[in-house]
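Comments concern the structure below.
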Amino acid sequence: MTDEANPPADEAAVLAGMILDPKQIDAVVGHLSAADFQHNHLRELFGFLIDANAAGRPTDSRSVLMQLRESGALKRIGASFIGRLTNAIGSAANVPYHVAKVRHAAILRRIRQVVPTIEAIADDDTQTPTQILDRIDAELIQIRQYDQPPAAVSHLGDDALRLCDEIDAAAGTGETRGLRTGLECFDQINGGFQDGTLNIIAARPSNGKSVLGLQWAQSIGTGFDYSVSDEGNYFVAQQPPKSTLFISLEMTRAELSARALASTTRIDGRRINSYRTTADQRRRLRAAAESMKATQTRLWQPHRATVSSIRATARLHQRQHGLGCLVVDYMQLVDSERGAKHDKETYRIGEICRGFKSLAMELGIPVVVLAQLNRESEGSLPTLAQLADSGKIEQHADTITAIHRQRGETNDANLVLLKWRNGKTPTIDITFDRQHSRFVGIEPKPVQPFTNLPNDTLDYDTLVRRD
Numbered sequence: 006m007t008d009e010a011n012p013p014a015d016e017a018a019v020l021a022g023m024i025l026d027p028k029q030i031d032a033v034v035g036h037l038s039a040a041d042f043q044h045n046h047l048r049e050l051f052g053f054l055i056d057a058n059a060a061g062r063p064t065d066s067r068s069v070l071m072q073l074r075e076s077g078a079l080k081r082i083g084a085s086f087i088g089r090l091t092n093a094i095g096s097a098a099n100v101p102y103h104v105a106k107v108r109h110a111a112i113l114r115r116i117r118q119v120v121p122t123i124e125a126i127a128d129d130d131t132q133t134p135t136q137i138l139d140r141i142d143a144e145l146i147q148i149r150q151y152d153q154p155p156a157a158v159s160h161l162g163d164d165a166l167r168l169c170d171e172i173d174a175a176a177g178t179g180e181t182r183g184l185r186t187g188l189e190c191f192d193q194i195n196g197g198f199q200d201g202t203l204n205i206i207a208a209r210p211s212n213g214k215s216v217l218g219l220q221w222a223q224s225i226g227t228g229f230d231y232s233v234s235d236e237g238n239y240f241v242a243q244q245p246p247k248s249t250l251f252i253s254l255e256m257t258r259a260e261l262s263a264r265a266l267a268s269t270t271r272i273d274g275r276r277i278n279s280y281r282t283t284a285d286q287r288r289r290l291r292a293a294a295e296s297m298k299a300t301q302t303r304l305w306q307p308h309r310a311t312v313s314s315i316r317a318t319a320r321l322h323q324r325q326h327g328l329g330c331l332v333v334d335y336m337q338l339v340d341s342e343r344g345a346k347h348d349k350e351t352y353r354i355g356e357i358c359r360g361f362k363s364l365a366m367e368l369g370i371p372v373v374v375l376a377q378l379n380r381e382s383e384g385s386l387p388t389l390a391q392l393a394d395s396g397k398i399e400q401h402a403d404t405i406t407a408i409h410r411q412r413g414e415t416n417d418a419n420l421v422l423l424k425w426r427n428g429k430t431p432t433i434d435i436t437f438d439r440q441h442s443r444f445v446g447i448e449p450k451p452v453q454p455f456t457n458l459p460n461d462t463l464d465y466d467t468l469v470r471r472d
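Quick note on this note's numbering: the sequence shown kicks off at 6 and runs consecutively.
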């Protein structure tokens, strides 16, 4: 409880500054909310000033008193209280300083307020320790998110010049802005994964989404192309390796290791899984395994996971190793934060997608999440409607790519770009190399012109050709 007659000095200074200089209101609103004020009268007065400013009503001292009187709020707050407030401060010069102090105090209050909640969660005998930790982390994440500094407004010209500097620095080096996957036919069209984006890779069960996700994690973590057709390893456009974390909620480490070895050595995966290998193959397998220790691809295989636990692991990984990309296999196996089984699936998927998009922006990296397609997609090219809870996924995802495999024993496959930054939905022909657990690109066919460009005589090859 606070003394209504003697409000905290910093809170009073902020409100007085907003009344004395109404231009301060717009500067304050991005940093504070009414809930940040401990004093009841100041909390009510802050909300009133924000609403009046948004509605275009005057917020000087005289106008505020008149409007408060008309609304009946002046009886609660008191004209003398507002008078003492503005007379005691006298100037709005130090409002930013006082805003920072109020924000700091509000965060400390939130931390103290969450302690009883954490104690109650810890006393819940119906939850496992892992579930308890996830719920506690979810409470703390809300405070951490509030503690993030407000996004600054930048000048478009400054941002454009910085981009030009990056383009100049990359000239002649083969570097690209996006994080390349190593599947060149996909990278040429998609431009690679951009920092801060959520990228969905969808497929029907047993159609290769885990294979593709792990293949891309290996390529990004090593800088090598695992989709080439012979037994050599080649750098992808001279892209340096980036620390990559592959999170599997479906496959064991042994299964993932076997697939990684098959993709790297070009030894039939069936031989690796059955241990029926020759002496030469065992030598190659061990050499490949030793070389993997020097790469930057790491695996995490939890028994269960929520977005909160994935966020905590990704943050720790970023602090310890740096983090260039996160791959999650797969979305429908991620648990709700509350662990409630009765949550509607649409709500749960929306919550998960929103969490992954927030994580991508927080860490400034691409987050790649694998997802399940409905059985309806069998036989025909998949569409967004065949993606489970597609509305929520499409709302938060920056790109959505579907894997389509032909029926039968054929290895023909397609990547269908269902949502991407250039609007069109191209289809890329690829081959599934089943024995070596990888997808291989096919020689690209001529790309049709983009008819929605200002000059529709320019095709994609013209746009991306490097001097």
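Glycine residues also receive a C-beta, built at the ideal position from the N, C-alpha and C atoms.
Looking at the DSSP output, residue 339 sits in no beta bridge, so it has no partner there.
According to the DSSP assignment, residue 437 belongs to the beta strand (DSSP E) that extends over 432-438. Contact check for residue 407 and residue 387: beta-carbon distance about 4 Å, within the 8 Å limit, so the pair qualifies.
When the Cα atoms are used, residue 163 and residue 172 turn out to be separated by approximately 14 Å. Shortest Cα-Cα distance from residue 213 to any of 124, 48 and 375 involves 375. Three or more beta-carbon pairs separated by less than 8 Å are not found between the segment 281-292 and the segment 307-324, which leaves the two stretches without contact. Taking the CA atoms as reference points, residue 41 sits about 7 Å from residue 107. In this structure, the CA atom of residue 247 is about 17 Å from the CA atom of residue 305. Shown here, residue 252 sits in a strand according to DSSP, grouped into three states. Secondary structure note for residue 410: its beta strand (DSSP E) is the uninterrupted segment 404-410.
Exclusion of the five residues before and after residue 357 leaves 312, 336 and 339 as the residues of its chain whose Cβ lies within less than 7 Å of its Cβ. Residue 59 and residue 19 have their C-alpha atoms roughly 18 Å apart.
Counting other Cβ atoms within 10 Å of its Cβ, residue 121 stays below 16 and is therefore classed as exposed.
Shown here for residue 308: same chain residues with a beta carbon closer than 8 Å to its own, the five before and five after excluded, namely 135 in chain order. For residue 147, the number of other beta carbons within 10 angstroms of its own is below 16, and it is reported as exposed. Going by C-alpha positions, residue 368 is about 17 Å away from residue 182. Beta bridge pairing from DSSP links residue 391 with no other residue. Contact between residue 82 and residue 46 holds: CB atoms are separated by about 5 Å, below the 8 Å threshold. DSSP places residue 424 in the strand class (E or B) of the three-state scheme. Assignment of residue 161 by DSSP, reduced to helix, strand and coil, places it in the helix class. Excluding the 5 residues flanking it on each side, residue 293 has same chain C-beta neighbours closer than 7 Å at 266, 269 and 270, in chain order.
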